[in-house]
Amino acid sequence: MHPTIIFEAENFQSLPEDKLISILKRDDLQLEESKIWEYVIQWGKAKNQTLPTNLDEWTYDNFLTLKEALKQCLPYIRYFDLSHEDVLVLPPQISSWIDRKEKSTPYNENNPYEFKLLIRGSRDGFDVKNFYNICHKVSNTFIVLKVEGTEEILGGYNPIGWDKNRNQWRKTQDSFAFSLKTSNMKIQF
1 MHPTIIFEAE NFQSLPEDKL ISILKRDDLQ LEESKIWEYV IQWGKAKNQT
51 LPTNLDEWTY DNFLTLKEAL KQCLPYIRYF DLSHEDVLVL PPQISSWIDR
101 KEKSTPYNEN NPYEFKLLIR GSRDGFDVKN FYNICHKVSN TFIVLKVEGT
151 EEILGGYNPI GWDKNRNQWR KTQDSFAFSL KTSNMKIQF
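Counting in the UniProt record's numbering, the final residue of the sequence shown is number 189, and the numbers go up one at a time with none missing.
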């Protein structure tokens, strides 16, 4: 059976959660993961009739409500198959870290930051000289790296910039660093 017959059925949104999960577990759906994700979100929103229809009106608590409705389905979404055009999650979250806000609303259109990829090790090389040549005098940088052979992601934010000619530490209260274990990661909105 083609998945659109199920996903576009009139009663799809009343499908029991265990049935939806059994569909999501299948590897033969022949449907783009972004489309599957849209259907799953529709299903979750249907479980919570109080959620605003206009995404611009959503609060942080609305996202938490949807997250709770989808929490059993989320592990079966193939996030690695979603293109960067289909997903915009991290910039608002990172912006809230930079601004020292405890909560951020995903998809916030008032995000004052523009994230631009400056250097990619697989493209530009992993040499520290390449890093300093590209990032020299660039402030407000956010770094993310995957440690090869591990399940660890490291990163940090540097508001004062990199200076290849200065061989000393500089102080700031606005920087931060993080370490994540991908095996322990929980999907968050």
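Note that beta-carbon positions come from the ideal geometry of N, C-alpha and C, so glycine has one too. The structure presented is a predicted model; accordingly, all values stated were derived computationally and were not measured.
Here glycine 44 carries a helix assignment [DSSP, helix/strand/coil]. The Cβ neighbour count for leucine 118, taken over all protein chains shown within 10 Å, is under 16; the residue is labelled exposed. The residues Gln30, in chain order, have a CB closer than 8 Å to that of histidine 2 in the same chain once the five nearest residues on each side in sequence are set aside.
Across the structure, phenylalanine 126 and glutamate 148 are spaced so that their CA atoms are roughly 12 Å apart. Residue state for valine 128 is assigned as helix, using DSSP reduced to three classes.
For phenylalanine 7, the uninterrupted alpha helix (DSSP H) run begins and ends at 3 to 7, by DSSP.
Just so you know, the alpha carbons of leucine 24 and tyrosine 76 end up roughly 6 Å apart. Residue burial annotation: glycine 121 is exposed, with fewer than 16 other C-beta atoms found within 10 angstroms of its C-beta. Note on geometry: alpha-carbon atoms of isoleucine 143 and isoleucine 5 lie some 43 Å from one another.
Annotation: the continuous beta strand (DSSP E) that includes leucine 154 extends over 152 to 158.
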